[in-house]
Amino acid sequence: MEKFQLTVLFKIIGIGSASGLLYHNDLLYIISDNSTYLYEYNIANEKLNKIPLVENAQENIPKKDKPDFESITFYGDAIAILGSGSTKKRNLSFQYNIEADSVKQNDIADLYQKIKHQLNFSDDEFNIEGFIMNKKNLFLFQRGNGTEGKNGIISVYNSRNKSEIGFTIFNLPKIKNVPATFTDAILVDDKIYFLASAEDTTSTYLDGEVLGSIIGTIDLKTMKLENSIQISDKHKFEGLTLYKKTATQIELLLCEDNDTEELVSTIYKLVLKKQ
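In terms of my numbering, the sequence shown opens at residue 432 and continues consecutively.
Structure, rendered in structure tokens:
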């Protein structure tokens, strides 16, 4: 992963604080951590569609009230979205069925509380920034930017109406002496591609100075870090999706949370050479 190419692919007017994205059939689905819309951007004709997830959907919701959507992935035929769980108002999940154009809302506070209880997470430490699903199993990417520094993957293995919860700690490389912590992840075959950023703060709630971002890979079967590389010294990349792949390289799309009220989101393309 020594060789990479990072370029600006395009900018989207009408979305601010982008925190996750999902590419599917030339459409780019985007979530924002301070909005209750799911955004659908048609790359070919450059048109933006806003899908309300709740009644009276809003943008630029104040920090204390925002649902803090940080995670997006496919769940069967639907798009699944999770709140970070970092406050009581951030415990919602949504499923958007593309074909039916319908939205289903769930409260996942009980699941988050069960995880925190079993893994001894304090309310101030818990902060989910990405998730993937593999068969019946759920993998949540805990950003360890709190005071306890618990950065890792929470595994929820489901079988015969029972669930087993585990936690694998990942101590990622430091940027300017600050550890990088997870901000998103996707599954490509049996390999996890993840983003992580270093931010000069020990709070899951308050933002700090952005010091840069890395990308890396983890083997899903062994839960071992394979490699990583720093791709920026100024961007806080928070969204990651597969764009294209060949036998020799993989192309990913990235978005960043600019922590402003400006409704403009830059989409980046990252090209990595396969090892």
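Don't be surprised by glycine CBs; every beta carbon is placed ideally from N, CA and C. Owing to the predicted nature of the structure, the values given are computational and were not obtained by experimental measurement.
Consult DSSP for residue 573 and reduce its assignment to one of helix, strand or coil. The sequence position of residue 573 within the sequence shown is 142, counting from 1. Note: residue 573 maps to strand in three-state DSSP.
Which complete beta strand (DSSP E) runs does the segment 631-684 hold, if anything under 3 residues is left out? 640-650, 655-663, 668-676
Roughly how many angstroms lie between the CA atoms of residue 676 and residue 702, to the nearest whole one? Here residue 676 corresponds to residue number 245 of the sequence shown, with the count starting at 1. Here residue 702 corresponds to residue number 271 of the sequence shown, with the count starting at 1. Cα to Cα, the separation comes out at about 9 Å.
Ignore the nearest five residues each way along the sequence and tell me which others in residue 435's own chain have a CB closer than 7 Å to its CB. Counting from one through the sequence shown, the residue named residue 435 turns up at place 4. Cβ within range, chain order: 660, 662, 701, 702, 703.
Cutoff 7 Å; reference residue 528; Cβ partners in own chain excluding five residues on either side: Position 97 of the sequence shown, counting from 1, holds the residue named residue 528. Excluding positions up to five away in sequence, the list reads 508, 509.
Quick one: does residue 687 have its CB under 8 Å from some CB of chain D? Here chain D cannot be found, since the structure has a single protein chain.
Could you check the C-alpha separation between residue 482 and residue 536 for me, to the nearest Å? Along the sequence shown, one-based indexing puts residue 482 at 51. Along the sequence shown, one-based indexing puts residue 536 at 105. About 14 Å.
Of the choices 688, 644, 494, whose alpha-carbon is the least far from that of residue 437? Residue mapping note: residue 437 aligns to position 6 of the sequence shown, counting from 1. Measuring from the Cα of residue 437, the nearest candidate turns out to be 644.
Can you give, in chain order, each stretch of the beta strand (DSSP E) that sits fully within the segment 481-528 and has at least 3 residues? 500-506, 509-514, 523-528
Distance between beta carbons of residue 484 and residue 534, contact taken as under 8 Å: Residue numbering aside, residue 534 sits at position 103 when the sequence shown is read from its first letter. Residue numbering aside, residue 484 sits at position 53 when the sequence shown is read from its first letter. Indeed, because the Cβ distance is near 6 Å, the residues count as touching under 8 Å.
Looking only at DSSP bridge pairs, what is residue 535 linked to? Taking the sequence shown and counting its residues from 1, the one referred to as residue 535 is at position 104. Partner(s): 526.
Using the rule of at least 16 other Cβ atoms within 10 Å of the residue's Cβ for burial, across every protein chain shown, is residue 591 buried or exposed? Here residue 591 corresponds to residue number 160 of the sequence shown, with the count starting at 1. By the 10 Å Cβ count, residue 591 comes out exposed.
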